[in-house]
């Protein structure tokens, strides 16, 4: 099922390791980047390229939570609910997103645009509450910020950091040890 | 503001660029190690510095390096960048902002033990970090700090940046090696330990990201310089991750004799709204919580163990006086239930059972005897599971019951939290 280009990328990954099987996780990331999820046919292709059984691939897909075994929305929103985000208001954030998108956690919007997931600690506790949209982190969340994130007009943490590296402009919370206002999100703040 | 320790030059823009890194003294430690020191001297220096593992276990780093046998090859270095302990976010800053410091530490460690290849295992969510680290690795290859005959010596090293895919258990050493080999992240039976039989059954040195990032500082400035900070058994500085109810959450690299009160008040700006601290988790959610009366404990390994908690990952989570401890504990235990790998019964069944009872209590169905049952389940998990994830899954609830028993009793007696009643009483006034 996978294209020759994807197969080449997987072969390049395999070449980096003393044992081909080590490339299973990287290969599955390449598949998911390309197709948005990991179809069974792609799993079989990965197994063939690496030289293991498709069962040995599917047991990895089912163990690691980042791999999707069914199609998901174009933008997968993952909201952290672990203790530090919880203490700084992740529950209201999750409720807000459920209402805005009109889905439960784990569901995809009917237009196929968003999937809403609730996840565990994303290692961004100093700028809590935090969510990811696909691979991008969005931190120090407020309801207004979430509106902008859904509209696609908010900068991600990585974009802010790259701006800092290029221009040396101080971004509050990014490189000082202080990461932002100490209140749980209020509507409109 | 400039930092110290692994956050030295924290405010310098673009430290991920090799020229900026070199301009600020980068790769001088590597040069010193390769040109002036024997591999065993590097290990001795790390031993003398008193550096202890910064991932969670706090094992003496130099001693761990010494466990790797000299005469079995090939040998590998694995850098554990799987940072997933709730409350911890110190390694991410190193990877995204100062990856060359990490690379330099990995190369020096590989030189010390005679490794031929190094893997940086990043948690899958660090997609951006993996890109940044890979670019830095490419730059290091281009300048001759990685690859064949580094800096003209007869030491060569290859480095691979490897991403996990979402599993807290893969921060556990042996599970990480299983994952690196392309399998499910189930922990291994030890012995044999990774030093003797690690990845691909070969001798492997596996250390935390911050631990290895500290090595260039030690090699450049010497063991005495590093050991002049800290407490007697917790030498040096560490990057604390401060979060929860504080005004200035963030990462702070500070000497290890810093107390919880100093971190929270002097650096963290105190609790928002001028409220009081109710409880602090001093070392990541696998560490027992401590009440406000113990805030003058230094955030160091032995001192925290003596206080009934542990140094862990150095993640300090602050809970203010209005925190519902039962619900916070429930949230923490949902994490362990989620992340239990399922291999062994005490953890797999125990984490589910604990959450089941906590949920029942939090939603008004608590019954007399529930607290005793929770403690009994914990005693069947602790020390009886296949790996230490389970041992980290119980201190929170045990300490919450020890210090805040009245909150559980109130829930069980009244069917709701004491905070609900307090709010109603205050509203009526």
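Residue numbers (the numbering used here), protein chains in the order written: chain U, 171 to 359; chain D, -18 to 410. Cβ coordinates follow ideal geometry from the N, Cα and C atoms, glycine included. Bear in mind the structure is a predicted one, so any value in this text is a computation, not a measurement.
- Taking C-beta atoms under 8 Å as the contact rule, residue 247 of chain U and residue 279 of chain U fail to qualify, at a distance of about 10 Å.
- Bridge pairing for residue 188 of chain D: D:60 [DSSP].
- Within the DSSP bridge table, the entry for residue 235 of chain D names D:219 as partners.
- Put simply, of D:1, D:335 and D:56 the residue whose alpha carbon is nearest the alpha carbon of residue 308 of chain D is D:335.
- Closest in alpha carbon position to residue 177 of chain D, among D:351, D:50, D:16 and D:1, is D:50.
- By the C-beta density criterion, residue 53 of chain D is exposed, having fewer than 16 other C-beta atoms within 10 angstroms.
- At a cut-off of 7 Å between C-beta atoms, residue 146 of chain D counts as an interface residue with respect to chain U.
- The continuous stretches of alpha helix (DSSP H) do not include residue 325 of chain U, and DSSP gives it neither H nor E.
- Along the stretch 109 to 138 of chain D, going in chain order, the ones with a CB nearer than 8 Å to a CB of chain U are 109.
- Between the stretch 200 to 216 of chain U and the stretch 227 to 247 of chain U, the count of C-beta pairs closer than 8 Å reaches three or more; the two stretches touch.
- Of the candidates U:300, U:175 and U:282, the residue whose Cα lies closest to the Cα of residue 245 of chain U is U:282.
- Here residue 107 of chain D carries a coil assignment [DSSP, helix/strand/coil].
- Rounded to the nearest angstrom, the Cβ distance from residue 191 of chain D to residue 280 of chain D is 14 Å, too far for a contact under 8 Å.
- Excluding its 5 nearest sequence neighbours in each direction, residue 273 of chain U has C-beta neighbours in its own chain below 7 Å: 279 and 286, listed in chain order.
- Residue 82 of chain D and residue 173 of chain D do not touch by the CB rule: their CB atoms are close to 31 Å apart, not below 8 Å.
- By the neighbour-count criterion, in which 16 or more other beta carbons inside 10 Å mark a residue as buried, residue 27 of chain D falls on the buried side.
- Nearest in C-alpha terms to residue 99 of chain D, of all of D:395, D:380, D:180 and D:223, is D:180.
- Within the DSSP bridge table, the entry for residue 288 of chain U names U:249 as partners.
- Contact annotation: in the stretch 205 to 236 of chain D, residues whose CB is within less than 8 Å of a CB in chain U are 222, 223, 224, 225, 226, 227, 228, 229, 230, 231, 232 and 233.
- Between residue 263 of chain D and the set D:252, D:140 and D:282, the nearest pair of CA atoms involves D:282.
- In the DSSP assignment, residue 92 of chain D falls within the unbroken alpha helix (DSSP H) covering 80 to 94.
- In this chain, the beta strand (DSSP E) harbouring residue 301 of chain D covers 296 to 301.
- At a cut-off of 7 Å, the C-beta of residue 320 of chain U has no neighbouring C-beta in chain D.
- A distance below 7 Å between beta-carbons, with the five flanking residues on each side excluded, links residue 327 of chain D to the following residues of its chain, in chain order: 361, 362, 365, 366 and 371.
- The alpha-carbon of residue 339 of chain D is positioned some 32 Å away from that of residue 72 of chain D.
- The secondary-structure analysis by DSSP pairs residue 321 of chain D with nothing; it has no beta-bridge partner.
- In chain order, 206 and 207 place their CB closer than 7 Å to the CB of residue 241 of chain U, counting only its own chain and leaving out the 5 sequence neighbours on each side.
- Using a Cβ-Cβ distance cut-off of 8 Å, the stretch 136 to 147 of chain D and the stretch 348 to 359 of chain D are not in contact, since fewer than three pairs of beta carbons, one from each stretch, lie closer than that value.
- DSSP, reduced to helix, strand and coil, places residue 296 of chain U within a helical segment of the structure shown.
- Counting every other CB atom within 10 Å of its CB across the protein chains shown gives residue 87 of chain D a total of 16 or more, marking it as buried.
- Ranked by Cα distance from residue 315 of chain U, the options U:304, U:305 and U:327 are led by U:327.
- Closest option to residue 293 of chain U, judged by alpha-carbon separation, among U:188, U:180, U:250 and U:173: U:250.
- Cα atoms of residue 375 of chain D and residue 267 of chain D: separation of roughly 7 Å, rounded to the nearest angstrom.
- Between the beta-carbon of residue 69 of chain D and that of residue 294 of chain D there is about 4 Å, and that keeps the pair under the 8 Å contact cut.
- With the criterion set as a beta carbon lying under 7 Å from some beta carbon of chain U, the members of the stretch 307 to 319 of chain D are 309, 312, 313, 316 and 319, in sequence order.
- Under the three-state reduction of DSSP output, residue 140 of chain D falls in the strand class.
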